[in-house]
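Residues 73 to 391 in my numbering are what the sequence shown lists, from first letter to last. Backbone N, C-alpha and C define an ideal beta-carbon position, used for all residues, glycine too. Since the structure is predicted, the reported quantities are computational estimates derived from the model, not experimental observations.
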Amino acid sequence: MHNLKLYLVAFLIIAFSAISLLAQDQDEIVLGPYLQRMTDRSVTIKWSTLEGESRVIAPDSSVQLIRAYEQHEMLLSRLKADTVYHFNINGDSTGRGAGTFRTFPREIKPFKFVTLGDTRSRHDVHKKIVDRVVNETPLFVVNTGDLVSNGENIQDWEQFFRINYDLMRSTPYFPVLGNHEKDSKFYFDFFDLPGNERYYHFSVGDALFIILDSEGPDFQTPAYLKEENEEDFWQNYNRPYFEEQKAWLERMLSLHKDAGFIFVFMHAPIFSIKQSRLEGAKLRREFWGDIFERHGVQVFMNGHDHHYHHAIRGGTHYI
């Protein structure tokens, strides 16, 4: 139902920094376009068109509109570093297909990015934050997880993309898996991410950015649904997955030991002041050990706890 169809043709005009993407006639963009996998020489542009819809009548006689989408994407390569490009998806009758992006710089130079998270609720506030971020024109955005309230609910994703339309068509968006994503197929359909898409890395100049997964692929574990049983979840269900992820992190940090700056992002915290989550945070500290401090990670950012908290250990700032 959410299959990917690559029937698009890209026409790149480097001299004018303009890109024209040709879509089928009468295709209407309903989600997107948005920018993924930005580098200093390439970017992926994604968007969705409506595949079909139906109305479902619930037992209480309420009517719910269910939609299915076709996912479209186009990889643009051989771009110039630190260059502004304008693109337009031709053939779209909605006028939504235009956007602008700047490729990442190759050399070392100042840039700004935005980190936000837990955007799953209070959509009026989310929209105000997005509008402010658009005005700040960051090079990219990292969302620390819980993008939506229920990752298995397509309406939540529709709301997310409506709110982020102006931001994501001009700013690359790097998500982190949160518990509310529920390891949903929608997440992996809508986003095109590096590596295995659960944990990955990217670079900007001499700065390294690492995205980790605190949730694991086996979401449907009874222990996870009760925070007091987080220890069972970690020890009995997903331990091999997290061990593999930790080994990957060691390799990435060793390979990039000369990075000028290292930022790590994960949904669940290493340090928490929320009483019900102290045990879970302690388990994560014990599991990850001193890996962040040992490799000179300057900043570790997380979501999950809906408040600001700043801890420092061994030179690493946990925010």
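CA-to-CA distance, residue j to residue i, given in whole angstroms
{"i": "GLN227", "j": "ILE138", "result": "8 angstroms"}
{"i": "VAL115", "j": "GLY169", "result": "16 angstroms"}
{"i": "PHE343", "j": "THR155", "result": "39 angstroms"}
{"i": "ASP97", "j": "TYR259", "result": "Any reading at ASP97 must be qualified, since the residue scores a pLDDT of 44, below 50, and its modelled position is unreliable; the value itself is stated next. ASP97 and TYR259: Cα-Cα distance of roughly 28 angstroms."}
{"i": "MET373", "j": "PRO131", "result": "43 angstroms"}
{"i": "ASP362", "j": "PHE262", "result": "34 angstroms"}
{"i": "LYS118", "j": "TYR106", "result": "5 angstroms"}
{"i": "SER221", "j": "HIS158", "result": "33 angstroms"}
{"i": "PRO210", "j": "SER242", "result": "10 angstroms"}
{"i": "ALA353", "j": "GLY387", "result": "19 angstroms"}
{"i": "GLU269", "j": "ARG150", "result": "23 angstroms"}
{"i": "ARG323", "j": "SER133", "result": "55 angstroms"}
{"i": "LYS318", "j": "LEU325", "result": "11 angstroms"}
{"i": "GLU125", "j": "GLU315", "result": "42 angstroms"}
{"i": "GLN144", "j": "GLU208", "result": "Note that residue 144 is His in the sequence shown, not Gln. The straight-line gap from Cα to Cα measures roughly 28 angstroms."}
{"i": "GLN108", "j": "SER348", "result": "35 angstroms"}
{"i": "PHE185", "j": "ARG311", "result": "32 angstroms"}
{"i": "VAL369", "j": "ILE129", "result": "52 angstroms"}
{"i": "ALA140", "j": "PRO247", "result": "22 angstroms"}
{"i": "MET110", "j": "SER286", "result": "24 angstroms"}
{"i": "PHE359", "j": "ASN160", "result": "46 angstroms"}
{"i": "ARG204", "j": "LEU321", "result": "33 angstroms"}
Cβ-based neighbour list, residue i, same chain, cut-off 8 angstroms, excluding 5 preceding and 5 following
{"i": "ASP278", "result": "ILE180, ASP330, ALA331, GLY332, PHE333"}
{"i": "PHE232", "result": "THR191, LEU219, VAL220"}
{"i": "PRO182", "result": "none"}
Residues of its chain near residue i, where Cβ-Cβ distance is below 7 angstroms and the 5 sequence neighbours each way are ignored
{"i": "LEU147", "result": "SER114, THR116"}
{"i": "ARG385", "result": "GLU365"}
{"i": "TYR313", "result": "GLY288, PRO289"}
{"i": "TYR272", "result": "LEU265, PRO266, ILE283"}
{"i": "LEU350", "result": "SER344"}
{"i": "ILE235", "result": "HIS195, HIS198, LYS199, VAL202"}
{"i": "TYR380", "result": "none"}
{"i": "TRP229", "result": "VAL220, PHE258, PHE262"}
{"i": "GLY189", "result": "ASN215, THR216, GLY217, ASP218, GLY375"}
Inter-residue CB distance, residue i and residue j (contact presumed, cutoff 8 angstroms)
{"i": "ILE391", "j": "HIS382", "result": "5 angstroms"}
{"i": "TYR237", "j": "VAL213", "result": "At roughly 14 angstroms, the Cβ-Cβ gap does not stay under 8 angstroms, so TYR237 and VAL213 are not in contact."}
{"i": "THR175", "j": "ASP112", "result": "6 angstroms"}
{"i": "ALA340", "j": "HIS367", "result": "Contact flag wrong, Cβ pair sits at about 20 angstroms."}
{"i": "GLU100", "j": "THR166", "result": "5 angstroms"}
{"i": "VAL206", "j": "LEU239", "result": "5 angstroms"}
Closer than 8 angstroms: residue i CB and nearest the ligand ATP heavy atom
{"i": "TYR259", "result": "This structure lacks the ligand ATP, and indeed carries no ligand of any kind."}
Cut-off 6 angstroms between Cβ atoms - residues of its own chain near residue i, not counting five sequence neighbours on either side
{"i": "PHE335", "result": "PHE281, VAL371"}
{"i": "LEU103", "result": "SER120, PHE233"}
{"i": "ARG194", "result": "none"}
{"i": "ARG178", "result": "ASP112, ALA153"}
{"i": "SER256", "result": "GLY223, GLU224"}
{"i": "HIS328", "result": "LEU280"}
{"i": "THR187", "result": "VAL214, MET373"}
{"i": "MET338", "result": "LEU284, SER286, ASN374"}
{"i": "ARG357", "result": "ILE342"}
Query - Contained alpha helix (DSSP H) runs [length at least 4] in the region 189-215, N- to C-terminal order - result: 195-208
Query - the region 232-251 contacting the region 207-221, beta-carbon criterion three pairs below 8 angstroms - result: yes
Report task. List in chain order: all unbroken beta strand (DSSP E) runs of 3+ residues lying wholly within the region 331-372. Result -> 333-338
Query - Whole runs of the beta strand (DSSP E) within the region 112-172, excluding any shorter than 3 residues - result: 115-129, 135-148, 156-162
Report task. Output the residue ranges of the beta strand (DSSP E) runs that lie fully inside the region 208-261 and measure 3 residues or longer, sorted by chain position. Result -> 213-215, 245-247
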